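Here the working numbering is used: the first residue of the sequence shown is 11, the next is one more, and so on.
So the structure is just underneath, and the comments pick up after that.
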Amino acid sequence: MNSSRLPGKVLLDICGLPVLVHVVKRVQLAKRVDEVILATSNTSSDDSLEQCCIKNNIKCFRGSEDDVLDRFYKAVMWAGAKEEDYVVRITADCPFIDAEIIDLVVETAKNSNCDYVSNTIKPTYPDGLDVEVFTVKALKKAWENAKLKSEREHVTPFLYKHPELFKTQNVENELDYSDLRWTLDEKEDFEVINNVYNELYKKDSFFNMKDILMLYKSKPEIFIKNIKFKRNEGYEKSLLQDGQL
């Protein structure tokens with residue numbers, strides 16, 4: 011809830027539901043996902059997130075505010091996951107998250123026997139459709155060994171930055187749409203996302219990437235307001251603090 015750019019963003023209302031609830035419902039559509047848990051901080055500012063989870067029957071784990079890797083790992087342990095299990099990581103600021111893409115990344119991880127698979131190592135999907143899948147065993151190794159603040163705050167950098175330790179793979183789309191911004195970090199992002207929901211939600215509450223791309227081609231003006239923002243700005247700031255850029 012303490013987003014510096016858009017405080018309270020995941021509880022903003024879109025078509026009658028908080029962003030968080032839209033995200034969870036869309037993730038639950040994925041055939042390869044068995045359980046969905048929100049991992050949020052234990053600070054009082056996130057009490058409202060827990061209340062939203064209780065109201066909407068969403069499992070919620072609370073942990074460290076700053077050491078998000080620790081919070082995430084402990085949430086996975088709390089869920090009773092085993093070392094050979096796979097974990098899917100989705101951030102709650104992605105209200106367009108696509109269940110078909112989640113299933114594709116999970117299937118790729120299982121079929122390739124990889125430790126870490128995502129569609130973000132070399133982005134080709136729109137920003138906001140990010141999916142990461144990794145084994146509990148790999149997550150544990152990252153939790154035990156990651157030292158940099160950027161690695162603790164952003165959960166997975168230790169996994170994809172150490173190919174000598176982990177077998178990794180990237181899932182790429184046929185066409186490169188990585189310049190499209192569909193994530194929620196700024197006021198302008200919310201305006202774009204809200205407009206897209208107003209166009210598509212009543213026809214199909216679980217509209218997918220293809221539906222949004224069709225809208226983008228027919229009404230590109232809807233998507234103009236947030237094109238000035240950079241992808242992964244928060245992670246780049248963390249890297250600067252660590253002296254990694």
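C-beta atoms are modelled at their ideal positions from N, C-alpha and C, and glycine is treated no differently.
Keep in mind that this is a model prediction, so the values were computed, not measured.
What number of angstroms, rounded off, separates the C-alpha of residue i from the C-alpha of residue j?
i, j, result
"Ser122", "Tyr211", "35 Å"
"Trp88", "Phe71", "8 Å"
"Glu86", "Glu93", "Residue identity differs from the one stated: residue 86 is Val in this sequence, not Glu. Spanning the two alpha carbons is a distance of roughly 10 Å."
"Ile222", "Ser54", "36 Å"
"Ser13", "Val78", "14 Å"
"Glu201", "Thr166", "29 Å"
"His164", "Ser51", "14 Å"
"Leu59", "Lys19", "11 Å"
"Arg191", "Arg241", "8 Å"
"Lys150", "Val116", "19 Å"
"Leu21", "Val29", "6 Å"
"Val146", "Phe82", "11 Å"
"Lys69", "Phe106", "21 Å"
"Asn66", "Val143", "25 Å"
"Arg162", "Ile64", "27 Å"
"Asn208", "Ile234", "16 Å"
"Lys238", "Phe216", "27 Å"
Going by the CB atoms, is the gap between residue j and residue i shorter than 8 Å?
i, j, result
"Gln179", "Cys124", "yes"
"Thr134", "Asn183", "yes"
"Val98", "Ala91", "no"
"Asp291", "Met219", "Here the chain has residues from 11 to 255 only, and residue 291 is not among them."
"Val31", "Gln38", "no"
"Val127", "Val181", "yes"
"Thr193", "Asp137", "yes"
"Trp153", "Asp76", "no"
What do you get for residue i, buried or exposed, if any count of 16 or more other CB atoms within 10 angstroms of its CB means buried?
i, result
"Lys157", "exposed"
"Tyr245", "Confidence is the limiting factor: at Tyr245 the pLDDT is only 44, short of 50, which leaves the residue's position unreliable and the question unanswerable from this model."
"Asn204", "buried"
"Asn129", "buried"
"Lys213", "exposed"
"Asp23", "exposed"
"Glu231", "exposed"
"Pro17", "exposed"
"Cys25", "exposed"
"Glu196", "buried"
"Asp56", "buried"
"Pro173", "exposed"
"Asp189", "exposed"
"Asp140", "buried"
"Leu169", "buried"
"Arg36", "buried"
"Leu185", "exposed"
"Ser228", "exposed"
Measure the beta-carbon distance from residue i to residue j and round it to whole angstroms, keeping in mind my assumption that it falls under 8 Å.
i, j, result
"Glu198", "Asn236", "4 Å"
Three or more C-beta pairs under 8 Å: does that hold for the region 102 to 116 against the region 32 to 51? yes
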